[in-house]
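Engineer:
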Amino acid sequence: MPENKTILVTGGSGLVGKAIQTVVQSEEQQGEKWIFLSSKDADLCDYEATKSIFEKHKPTHVIHLAAMVGGLFHNMSHNLDFLRKNLHMNDNVLQVSFETGVKKVVSCLSTCIFPDKTAYPIDETMVHNGPPHSSNFGYSYAKRMIDVMNQAYCDQQGCIFTSVIPCNVFGPHDNYNPDSSHVIPGLIKKLFDVMQQNGETFTVMGTGKPLRQFIYSFDLAKLIVWVLRDYNEVDPIILSVDEESEVSIKQLAEELAKAFGFKGQIIFDSSKADGQYKKTASNSKLRRYLPDFQFTPFSQAIQESVDWYKENHTIARN
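Per the UniProt record's numbering, the sequence shown runs over residues 1 to 318.
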């Protein structure tokens, strides 16, 4: 008989949390009880509130997804908020996990934590090799500290606390708010609004030249569940599509236009910031573990994400 696990997912109502929920509900679960928390359940920036929710659910395992997150322009103007809130949240979740005897914690980082000036492709050994891009240093340093804490909890207390580093995630249940969204949901909402108004131009901020790796939320969810069950290193693991799957923002805009059936003109506003030109990540460590993992084709994942938003835009996080 497999051991009984109670798995607490912080940030369980967000993009990745909802995808994990869909993935585990489609499986035949053996000895696993899944609890998905939202920000309404507890303020994880508050130690007592964090301890209370852990004592209520008594998790044996934790997937820590909760974070203050946002796109490029939101980060640029709120670095202090991103730093303080994420530091408080992460410290509380890991400390309470230790205090309550949680056997394993999997925290979610981001490829934006890597040094701004670096060799490519980036890999797991390079996280602390230099400062992150100045546009999001608050979020990046707070997330980097999870890796530092994981190592310290392992060294001093023997804890198996680890982390995953996804590339840019997208899919249903994303955040579409123009002030705080990431690039794909932000552009989905923008083009949806253009289509609603029978507009003929779709304006994308920046030159369209930056390159990004994008992972579909359901693919990431499957990989995080695998990490929880089978990955036992404390060192982080990059969960990313292959390097050759990198696309430019221009290609992304064209893919979205195709998915919406938009026949108008795409315009790139080069007066707006591009952010980092590229942050190509190597998934060779993941491929050593899972050489045959199949990622959803980008065009299919974009189409499904667009279709979801068109059907759910009235209840989406706009």
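Idealized CB from N, CA, C, for every residue including glycine.
1) If distances are taken between C-alpha atoms only, which option among Q95, Y47 and L220 comes closest to V169?
2) Report the residue from I249, G186 and N283 whose alpha carbon sits nearest the alpha carbon of T207.
3) Does the beta-carbon of K104, which I'm using as the reference point, lie nearer than 6 Å to any heavy atom of the ligand FMN?
4) Comparing alpha-carbon positions, which option in S52, P121, D307 and K40 lies nearest D174?
5) Buried or exposed: which applies to Y153, given that a residue is buried once 16 or more other Cβ atoms fall within 10 Å of its Cβ?
6) Looking at the unbroken alpha helix (DSSP H) that takes in V234, where does it start and where does it end?
7) With a CB to CB cut of under 6 Å and the five nearest residues on each side skipped, what residues in its chain are close to N92?
8) In three-state terms, what does DSSP make of K33?
9) Between which residues of its own chain and Q156 is the CB-CB distance below 8 Å, once the five residues before and five after are set aside?
10) Are K278 and L211 touching if we call contact CB-CB under 7 Å?
11) Could you check what DSSP says for Y47 in three-state terms: helix, strand or coil?
12) Evaluate the contact criterion for the region 140-151 versus the region 107-114: three or more CB pairs, one atom per stretch, below 8 Å.
Structural biologist: This is what the structure holds:
1) Indexing the sequence shown from 1 puts residue 169 at position 169. V169 has its Cα closest to that of L220, out of Q95, Y47 and L220.
2) Counting from one through the sequence shown, the residue named residue 207 turns up at place 207. Nearest of I249, G186 and N283 to T207, Cα basis: I249.
3) Absence of the ligand FMN is noted for the structure shown, with no ligands found whatsoever.
4) In the sequence shown, counting from the first residue as 1, residue 174 sits at position 174. Minimum Cα distance to D174 is reached at D307.
5) Here residue 153 corresponds to residue number 153 of the sequence shown, with the count starting at 1. Buried, because 16 or more other Cβ atoms sit within 10 Å of the Cβ of Y153.
6) For the purposes of this step, residue 234 is identified with residue 234 of the sequence shown, where counting begins at 1. It is not in any alpha helix (DSSP H) - V234 carries neither H nor E in the DSSP assignment.
7) Counting from one through the sequence shown, the residue named residue 92 turns up at place 92. So the list reads L44, Y47 and T50, once near-sequence residues are dropped.
8) By one-based count along the sequence shown, residue 33 stands at place 33. Looking at K33 - three-state DSSP - the assignment turns out to be strand.
9) Locating residue 156 in the sequence shown gives position 156, where the first residue counts as 1. Once the five neighbours on either side are set aside, Q156 has no close Cβ partner at all.
10) Here residue 278 is taken as the residue at index 278 of the sequence shown, counted from 1. Here residue 211 is taken as the residue at index 211 of the sequence shown, counted from 1. Contact: yes.
11) As a first step, residue 47 is located in the sequence shown; it is residue number 47 there, counting from the start. Three-state result, Y47: helix.
12) yes
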